[in-house]
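*Asks:* I'd like to ask some things about the structure below.
Structure follows, in structure tokens:
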């Protein structure tokens, strides 16, 4: 598979604003970060990335440190993919940003059929009878990660959320 990175995606090394917090591997490992094998059909790459982002944010890592620490927790074929991705960089180019890295990671490790199924589930999501608004909100939030193009603004997000509420609640809110 081709890389999701383009030449224009690289910042020059001098342009990077490195975080002023240096995180040791020991500090990182104390928070028990997950690992990712990429071989199990039950592994959700988005959950892995979310957990890594949460841990690294708590440690005050820069975007580029998050990528490197995430790479450290990759195993087997995923580690090979990451090493290849790093070695294919242009000479003198800056480390990968978290945003570009996560896009490439999801493109590679979330099966298209799973992505399509999650998108379809989100597009048709409705609050079921007996489902609390809180439970609907949780499901809405989880599934929306797979279809960011449908909820790019807060207004679109709210509109879609309200549209999926149970009819009795929807009528109260809209009318």
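Numbering (the UniProt record's numbering), first residue to last: 1 to 175.
All residues carry an ideal CB built from backbone N, CA and C; glycine is no exception.
1) Which stretch, first to last residue, makes up the alpha helix (DSSP H) that contains residue 56?
2) With distances taken between CB atoms, is the gap from residue 158 to residue 173 smaller than 8 angstroms?
3) Name the DSSP beta bridge partners of residue 36, please?
4) Indicate the three-state DSSP secondary structure (helix, strand or coil) for residue 93 in the structure shown.
5) Tell me the residue span of the alpha helix (DSSP H) that contains residue 141.
6) Beta-carbon separation of residue 90 and residue 118 under 8 angstroms?
7) By the three-class DSSP mapping on this structure, what secondary structure does residue 166 have?
8) Tell me the rounded alpha-carbon separation between residue 28 and residue 63.
9) Could you check what DSSP says for residue 113 in three-state terms: helix, strand or coil?
*Replies:* Well, looking at it:
1) 45 to 59
2) no
3) 74
4) strand
5) 133 to 144
6) no
7) coil
8) 15 angstroms
9) helix
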